[in-house]
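In what follows, a single structure is set out as structure tokens and then discussed.
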Amino acid sequence: MTRVIALFVSILLFACGKKTETATSSYDLKLVFENQVKGNPLAIGDGYTNDFGEQYTVTAFKYYVSNIELTTLSGQTEKISDTYFLVDQAEKTSMICAFQTKQQQYKAVSFLLGVDSTRNVSGVQTGALDPAKGMFWTWNSGYIMAKLEATSRIAATAGNRITYHIGGFKTGENAARRITLNFGTLGNLNISTAGTAAILVTTELNKWFSGQHNLKITDQFEVMSPGGIAMKYADNYERMFTVTAIRN
Numbered sequence: 031m032t033r034v035i036a037l038f039v040s041i042l043l044f045a046c047g048k049k050t051e052t053a054t055s056s057y058d059l060k061l062v063f064e065n066q067v068k069g070n071p072l073a074i075g076d077g078y079t080n081d082f083g084e085q086y087t088v089t090a091f092k093y094y095v096s097n098i099e100l101t102t103l104s105g106q107t108e109k110i111s112d113t114y115f116l117v118d119q120a121e122k123t124s125m126i127c128a129f130q131t132k133q134q135q136y137k138a139v140s141f142l143l144g145v146d147s148t149r150n151v152s153g154v155q156t157g158a159l160d161p162a163k164g165m166f167w168t169w170n171s172g173y174i175m176a177k178l179e180a181t182s183r184i185a186a187t188a189g190n191r192i193t194y195h196i197g198g199f200k201t202g203e204n205a206a207r208r209i210t211l212n213f214g215t216l217g218n219l220n221i222s223t224a225g226t227a228a229i230l231v232t233t234e235l236n237k238w239f240s241g242q243h244n245l246k247i248t249d250q251f252e253v254m255s256p257g258g259i260a261m262k263y264a265d266n267y268e269r270m271f272t273v274t275a276i277r278n
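Heads up: the sequence shown runs through residues 31 to 278, numbered per my numbering.
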């Protein structure tokens, strides 16, 4: 935990600027992600072992974060950002989602892991939703909510590749997930006028394989379309997030 807090502080020092005050008295807040495997920082090109003893080496890991909301101490939910963020393990700066909110106390954060149905059918878009980011199915006219690519010796595929592109937004195959994280014993988030407020969220990558469903690599080398198996992976990755630190 000491290492996580130290990393949290270093990321904030890297990302934080001066406070930004607006006519509506909004202040800076950052949602900082750290992807991990069994408590160790995830690194592209490093090898890992899932809960079934299967070894794999990560080559890409990305997911969308959008529709961010905070819950006040009274239980009121406030939507604070319409921005779409693409968290990409290969780009350090993408791990920080920066936005603004009013000076208030909050006890929970929630966000949509993925892209909502409206944006899925809105045609070619820019920014994080630009198809050039490699997160859009042109053949299926929909976004990939989360992507995990790796290699594994046990994969009977070209180059031993395993490919999990999880998407789908229609009824019965919606892979977007609303993630709600309570701060609990970490205490409340107090938005600071100094612009230093931040929430550290860690992810456990192995939850992709054993969050709710047991999904062994040997049983599924690739998923690249909406449907029942994609929904199971979505059920799993819904459980990979934990708030590990709050900075006021």
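Glycine residues also receive a C-beta, built at the ideal position from the N, C-alpha and C atoms.
Taking all protein chains shown into account, do 16 or more other C-beta atoms lie within 10 angstroms of the C-beta of residue i, making it buried, or fewer, making it exposed?
{"i": "THR233", "result": "buried"}
{"i": "THR187", "result": "exposed"}
{"i": "GLY197", "result": "buried"}
{"i": "ALA224", "result": "exposed"}
{"i": "ASN220", "result": "exposed"}
{"i": "THR148", "result": "exposed"}
{"i": "ASN204", "result": "buried"}
{"i": "ASN70", "result": "exposed"}
{"i": "LYS237", "result": "buried"}
Can you tell me which of the options puts its alpha carbon nearest to the alpha carbon of residue i?
{"i": "VAL117", "options": "GLY144, ALA180, LEU219 and THR210", "result": "GLY144"}
{"i": "GLN242", "options": "THR226, GLN250, ILE229 and MET261", "result": "MET261"}
{"i": "THR181", "options": "ALA120, THR248 and MET270", "result": "THR248"}
{"i": "LEU120", "options": "TRP167, LYS132 and GLU64", "result": "The question names Leu, but residue 120 in the sequence shown is Ala. Residue GLU64 is the option with its Cα nearest to ALA120."}
{"i": "ALA264", "options": "LEU100, SER240, ALA275 and ILE276", "result": "SER240"}
{"i": "ASN212", "options": "ILE221, MET125, LEU103 and ASN190", "result": "LEU103"}
{"i": "ILE259", "options": "GLY202, ILE221, ILE229 and GLU179", "result": "GLY202"}
{"i": "ILE229", "options": "LYS92, TYR136 and GLN66", "result": "TYR136"}
{"i": "ARG191", "options": "ALA90, THR123, ALA73 and ASP58", "result": "ALA90"}
Could you check if residue i belongs to the surroundings of the ligand ADP, using beta carbon to heavy atom distance under 7 Å?
{"i": "ARG183", "result": "No copy of the ligand ADP occurs in the structure displayed, which carries no ligand at all."}
Using the C-alpha atoms, what's the distance from residue j back to residue i?
{"i": "ASN170", "j": "VAL151", "result": "10 Å"}
{"i": "GLN155", "j": "PHE129", "result": "20 Å"}
{"i": "ALA176", "j": "ASP146", "result": "13 Å"}
{"i": "ILE98", "j": "PHE251", "result": "32 Å"}
{"i": "GLY257", "j": "TYR173", "result": "14 Å"}
{"i": "GLY75", "j": "ILE276", "result": "30 Å"}
{"i": "GLU108", "j": "THR272", "result": "20 Å"}
{"i": "ILE110", "j": "ALA185", "result": "42 Å"}
{"i": "ARG207", "j": "HIS195", "result": "15 Å"}
{"i": "MET270", "j": "ILE209", "result": "10 Å"}
Bridge partners of residue i, per DSSP?
{"i": "PHE166", "result": "TYR173"}
{"i": "VAL154", "result": "Bridge partners of VAL154: none, in fact."}
{"i": "PHE91", "result": "LEU178"}
{"i": "THR101", "result": "THR107 and ALA138"}
{"i": "THR272", "result": "THR232"}
{"i": "ILE126", "result": "VAL62"}
{"i": "ASP118", "result": "LYS92"}
{"i": "LYS132", "result": "SER56"}
Report the residue ranges of all alpha helix (DSSP H) runs contained in full by the region 180–255; include only those spanning at least 4 residues, in chain order. 237–240
In chain order, which alpha helix (DSSP H) runs of at least 4 residues are fully inside the region 54–91? none
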